[in-house]
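In terms of the UniProt record's numbering, the sequence shown opens at residue 1 and continues consecutively.
Built from N, CA and C at the ideal position, the CB exists for glycine as well.
First comes the structure, then the notes that go with it.
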Amino acid sequence: MIPFNKPHLTGKETHYIYDAVNSGKISGNGKYTKLCQRLLKEKYDFGKCLLTTSCTDALEMAAILIDIKEGDEVIVPSYTFVSTANAFVLRGAKIVFADSRNDHPGIDEHSIESLITSKTKAIVPVHYAGVACNMDKIMQIAQKHDLFVVEDAAQGIDSYYINNHGKKQALGSIGHLATFSFHETKNVISGEGGMLVINDSQFEKRAEIIWEKGTNRSAFFRNEVDKYQWVDIGSSFLPSEIIAAFLYAQVENITNIQQKRKSIWERYYNQLIDWAAQNNVGLPHVPSYATNNAHMFYMVCKDSSQRDKIINHLSKNNILAVFHYLSLYKSPFYELDYSGGRLKESDRFTETLVRLPLYYDLTDDELTKIIYTIISTPF
Ligand SMILES: *Cc1c(COP(=O)(O)O)cnc(C)c1O
């Protein structure tokens, strides 16, 4: 069976974990946490970085930091993972769902302004498949209406937005806050894991407190305060050094990981493009203002029956391809609270998008087999 995903090990993970264990300090915010945070901050020109136990946790920290309260409204794409919305619902927010673009599952930036009311507090663009949303436009809208932007960059590591002046900005370095995931299905992994990036420095101090259960423990260990006390709300958002040690082995190897993933992505693209055109199947679109980090290779079928045929044919040949999100505005949890209109593109991607196996250890022969199987699907 060719699985949909296989976590890739660089080889150094257990070495660093062994080192962390031997050092006698395996709780959070130690040597490996700091190494990961520094490397990522410098490589991508991020603001302050804090490792978290997941992207979900980083999103929950973001919701606390921007002070989401009962009744505040947050604009979130409907076509995304549950946590993008749930983190704000936990603080009492009403989620206002936005539709996707027609040519990409990312948020339709032109639909945002009409969703803003006096209660709107934040916009949460999701860089689907690691392909940037139109960040100049989104930041402009946010500035005009005095809103915060929290980038859900869970899939966006090592990808860029090319701004109106032609400058490349790493995803996660643009919004006031940004969140990453190192879940085993992402490009760079630690099993479960994530990171909060704080680009707006007004949030730096408080972020550290929320991260450490609402205490000023980090400041205390830097000898900035003489007592370590309960000073705010917070939770246990920081991962142990064992997780950070694993992650460090991955982060160190990011160039190599990305090269391999991109070569797989490109082979899919080049070898499927003719078949796709003949069969009305859409391949991933990367707008001119975005780069591709090969997080995902997906196809957009002409309808759900075509998608079922492809998934079934692959499955009969022992290849696992999977669909993705289900429109959140129609979810059992939110459906009754939803008061907006139908989100046509979100529904279309729900019904027609299929993702193909893409992982570092996928062999050339396996890739050949997957591509051949797709092309031979009987319609
Ligand atoms: C993976 C993912 C998340 C959740 O990440 P975890 O680290 O598993 O909490 C959130 N948003 C998006 C867009 C994701 O792809």
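Spatial distance of residue i from residue j (CA atoms)
i	j	result
residue 365	residue 142	47 Å
residue 127	residue 318	30 Å
residue 60	residue 214	14 Å
residue 250	residue 190	8 Å
residue 96	residue 227	42 Å
residue 272	residue 297	11 Å
residue 94	residue 56	18 Å
residue 75	residue 21	43 Å
residue 210	residue 268	43 Å
residue 18	residue 102	48 Å
residue 206	residue 67	11 Å
residue 235	residue 54	13 Å
residue 339	residue 116	14 Å
residue 220	residue 252	30 Å
residue 132	residue 152	10 Å
Residue i Cβ short of 7 Å to ligand 1 heavy atom set
i	result
residue 149	no
Under 8 Å between C-beta atoms of residue i and residue j
i	j	result
residue 367	residue 264	yes
residue 295	residue 106	no
residue 299	residue 314	no
residue 310	residue 377	yes
residue 41	residue 49	yes
residue 231	residue 216	yes
residue 241	residue 10	no
residue 79	residue 331	no
residue 361	residue 145	no
residue 381	residue 275	For residue 381 there is no data in the structure shown, the boundaries of the chain being 1 and 379.
residue 154	residue 173	no
residue 62	residue 87	yes
residue 320	residue 1	yes
residue 90	residue 122	no
residue 291	residue 159	yes
residue 243	residue 193	yes
residue 289	residue 162	yes
Integer Cβ distance of residue i from residue j, believed to fall under 8 Å
i	j	result
residue 4	residue 325	Not confirmed; about 15 Å, so no contact.
residue 29	residue 238	6 Å
residue 208	residue 201	Incorrect: roughly 12 Å between the Cβ atoms, too far for contact.
residue 179	residue 58	4 Å
residue 199	residue 261	That pair is no contact at about 26 Å.
residue 150	residue 166	Incorrect: roughly 26 Å between the Cβ atoms, too far for contact.
residue 307	residue 352	5 Å
residue 119	residue 72	6 Å
residue 258	residue 293	7 Å
residue 343	residue 329	6 Å
residue 137	residue 109	4 Å
residue 65	residue 177	6 Å
* What residues come near ligand 1, if near means a beta carbon less than 6 Å from any of its heavy atoms? -> Going by the Cβ distance cut-off, the answer is 54, 55, 56, 80, 81, 83, 84, 126, 152, 154, 155, 181, 183 and 194.
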